[in-house]
Every structure is written in structure tokens, then in C-alpha cells.
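Position in the sequence shown (from 1) plus 40 gives the number in our numbering. All C-beta atoms in this analysis are idealised placements derived from N, C-alpha and C, irrespective of residue type, glycine included. A quick note: this is a predicted structure, and the numbers were derived from the prediction, not measured. The block underneath contains the structure these notes are about, expressed in C-alpha cells.
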Amino acid sequence: MERKLNYIITEEFHNKTIEQFLKSEEFPHQAIVQLKKTQEGILRNGNWAYVNEQLHVSDKLELHLVEDVADTTIQPIPVDLSIVYEDEDLVIIDKAANMPIHPSMNHHEGTLANGLLHYYQSQGQAFTFRCINRLDRDTSGLTIVAKHLLSAGILSRQVSNRQISRTYRAIVEGLVNDNGTIDAPIGRVDGSTIERHVDYDHGERAVTHYKRLTYDAEKDLSLVELHLETGRTHQIRVHMKYIGHPIIGDFLYNPNYQFCNRQALHSAALEFIHPVTKEKMHFASSLPEDLKCIFQNF
Numbered sequence: 041m042e043r044k045l046n047y048i049i050t051e052e053f054h055n056k057t058i059e060q061f062l063k064s065e066e067f068p069h070q071a072i073v074q075l076k077k078t079q080e081g082i083l084r085n086g087n088w089a090y091v092n093e094q095l096h097v098s099d100k101l102e103l104h105l106v107e108d109v110a111d112t113t114i115q116p117i118p119v120d121l122s123i124v125y126e127d128e129d130l131v132i133i134d135k136a137a138n139m140p141i142h143p144s145m146n147h148h149e150g151t152l153a154n155g156l157l158h159y160y161q162s163q164g165q166a167f168t169f170r171c172i173n174r175l176d177r178d179t180s181g182l183t184i185v186a187k188h189l190l191s192a193g194i195l196s197r198q199v200s201n202r203q204i205s206r207t208y209r210a211i212v213e214g215l216v217n218d219n220g221t222i223d224a225p226i227g228r229v230d231g232s233t234i235e236r237h238v239d240y241d242h243g244e245r246a247v248t249h250y251k252r253l254t255y256d257a258e259k260d261l262s263l264v265e266l267h268l269e270t271g272r273t274h275q276i277r278v279h280m281k282y283i284g285h286p287i288i289g290d291f292l293y294n295p296n297y298q299f300c301n302r303q304a305l306h307s308a309a310l311e312f313i314h315p316v317t318k319e320k321m322h323f324a325s326s327l328p329e330d331l332k333c334i335f336q337n338f
């Protein structure tokens, strides 16, 4: 991947160093190091520059971020991908259910990572897989993948600072309250590598806001919209079970497959600030057919 960026220096950064400017633009340390290592990675007014050089008003700063070595730990394999949006800095995927994000001991192929490596290899581009909001294998919907060090660093910082708004929809058992907030810490279950539970003694704070969208009395199921304030592993799945309304089809926390053969959880919307252009980005994804058919009148 290659990314070229151009800036005209304003009064605010007169007599500031290039490094100070880059940090003001939220360049992560790793990206600055990469620019320093790249031949003509940093040009000031057309001349190769060091990061400790001072800038002046109207200087033209050109940056050339190059990543020319592809990720060799993941095989490039064709996978059907639903690309919602793509630019030079990131790609938004509407992930299908039953698609793992990256290879694991039990899933070497058919992952989102396999598919994206093949997608970019076919275009002659080196690519390293950097997923920003990882979804469980059975969770469908929107996920962000960064295309280079700079966008990955800035987006990861946004996640840490809770600046990426994530909205989910889920189908759960029972009649859920109109709305509410679950503020209950989540920790690992002793003796398990994957299972989590509410743990007030050792867990990390986790906050989930929910709203009931509709209820099917005959099936005794609620369709709920959920907004994550924190991002703990299995947060929605654990929290909904904790309040007595587990997600249907969840093999780990509620293996009830009467209406759905996978956990009925969908990443429905994302809002964030673009890592380079600083534009406000919003993406939405409707419920996939296997979940939509459960609430046919919604």
C-alpha cells in the first residue's frame, strides 16, 4: 500500500518542527518511523527533510507512506466480500454471518482476512490486515479495516477514546423493557479461554445501552437496538444473558436454535471521524434475511 499526503503549513505551525506537526495530525509513532525510513518519505518544498526541521508559513509538506511487504502469515484466498465503502485509507465491509474475521486453529480459510489479502493481491498491492472493530464469527454486519499504518493508528486510538459509535441489533428471548442501560463489569470465566461473564470482583467495566424496537408475543422474542459505550469481549451477548434476555442462536451463552442457527446479532451502524480527511462518516446495514424473516412485519 502507498499513501501520499500533502499539507500547506499555516500560521499555527510556523517555527514548529515537522514532527510536532505530524503529532498534531495524530500520526502514530510507528507511522512517523516508517516515513523516516522511506526514501523521500518526507519532503518540505520538494526537498527531502528530517522530522526535526522547522516549518514556516506556506511551506508545502509532502508525505509518502509506503508499505511494500504483504502480510505473509495469512493466505490470500478468494472470498465473497460485501464492500460498502473504500478509499485510500480504509475499507468498510458488511460481513456475512459465519465468516471469521481472521484465520485461527479451526478456520484457516474463508475468513475476512483471507479475502481481503486476495482482493488487494489481485490489484498488485501489498496489504497487511488491520481490523479495527472485530466481530465474532457468527455476528454479521459492518466492520472497519485500515489500509495502512496511519489510518490503523488513528482509528485504534478512536476506539480507545470511545470515539467510534457502534450500534447493533439483536433478537433476544422475552419481552425486553422499552429501554435501559446495563452497567456490569465483564471478566473471563475461570478455566475457559473464550467464555465471559459478569464479574463484579475482577471484571472490567462494561456499559451497554438498549432499546426495544418490536416484540413478537407469539414467539416471545424482542428485536432490540444496542449501543456500546465500551468494547469488552462478548459484551452484548453476556449483558443480555445477564438481564434475562439472552440472544437466540448463541452457541456459547444460549444455544436455542428454534428460530435461528447462529447468534442473532448484527452490527447495524458505525459513526466515526475519518482518520485522514477528518470528515464525519456514517454507515448503516439492514438486517440480513435470516434475521429479518423472524420479524416479518417489522
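Inset, instruction - Leaving aside the five residues before and after N296 along the sequence, list all residues of the same chain whose C-beta is less than 6 Å from its C-beta, in chain order. - result: Counting only residues of its own chain and dropping the five nearest sequence neighbours on each side, N296 has a CB closer than 6 Å to the CB of I288.
Inset, instruction - Measure the CB-CB distance between I194 and I184 and report whether it falls below 7 Å. - result: no
Inset, instruction - Check the C-beta distance from E311 over to R197 and give it rounded, since I have them as a contact under 8 Å. - result: Not quite, the Cβ-Cβ distance comes to about 16 Å (not below 8 Å), so this is no contact.
Inset, instruction - Note down the Cα distance separating D129 from E93, rounded to an integer number of angstroms. - result: 27 Å
Inset, instruction - With distances taken Cα to Cα, identify the nearest neighbour of Q303 among K320, T317 and P328. - result: P328
Legend entry - For Q203 and I49, the rounded distance between their alpha carbons: 27 Å
Inset, instruction - Check each candidate in R252, S98 and R236 and name the one with the smallest Cα separation from R272. - result: R236
Inset, instruction - Kindly indicate which three-state DSSP category N154 falls into: helix, strand or coil? - result: helix
Inset, instruction - Confirm, please, whether the CB-CB distance from P116 to H158 is below 7 Å. - result: A contact, by the Cβ cut-off of 7 Å.
Inset, instruction - Name the residue from K259, A257 and V278 whose alpha carbon lies nearest to the alpha carbon of L266. - result: V278
Inset, instruction - For R320, count neighbouring Cβ atoms within 10 angstroms of its own Cβ and tell me buried if that reaches 16, exposed if not. - result: Arg is not the amino acid found at residue 320; the sequence shown has Lys there. Exposed, because fewer than 16 other Cβ atoms sit within 10 Å of the Cβ of K320.
Inset, instruction - Flag this pair as yes or no: are the beta carbons of S180 and H96 separated by less than 7 Å? - result: no
Inset, instruction - Take S325 and list the residues in its own chain whose beta-carbon comes closer than 6 Å to its own, dropping the five residues that flank it on each side. - result: D134, G181, L182 and A308
Legend entry - C-alpha gap between K259 and G227, whole angstroms: CA-CA distance, K259 to G227, rounds to 32 Å.
Legend entry - Limits of the unbroken beta strand (DSSP E) element including I58: Looking at the DSSP string, I58 is not in any beta strand (DSSP E); the run it does join, the alpha helix (DSSP H), is I58 to S64.
Inset, instruction - Following the continuous beta strand (DSSP E) through D134, name the residue where it begins and the one where it ends. - result: L130 to K135
Inset, instruction - Note down the Cα distance separating D218 from Q336, rounded to an integer number of angstroms. - result: 20 Å
Inset, instruction - Give the secondary structure of R89 by DSSP, where H, G and I count as helix, E and B as strand, and everything else as coil. - result: With the sequence shown as reference, residue 89 is identified as Ala, and Arg is not the correct amino acid for it. DSSP places A89 in coil when its eight states are reduced to three.
Legend entry - beta strand (DSSP E) runs wholly inside the region 140 to 223, at least 3 long, in chain order: 180 to 186, 205 to 213 and 219 to 223
Inset, instruction - Determine the DSSP secondary structure at E107, reduced to helix, strand or coil. - result: coil
Inset, instruction - Measure from the alpha carbon of L156 to the alpha carbon of each residue in A186, Q275, I222 and L103, then state which is nearest. - result: Comparing C-alpha distances from L156 to each of A186, Q275, I222 and L103 shows the shortest one belongs to A186.
Inset, instruction - Determine the burial state of M145: buried for a count of at least 16 other Cβ atoms within 10 Å of its Cβ, exposed for fewer. - result: It is exposed - the Cβ of M145 has fewer than 16 other Cβ atoms within 10 Å.
Legend entry - Distance between V106 and K77 (C-alpha atoms, nearest Å): 10 Å
Inset, instruction - Quick one: give me the first and last residue of the alpha helix (DSSP H) that R277 is part of. - result: Q275 to Y282
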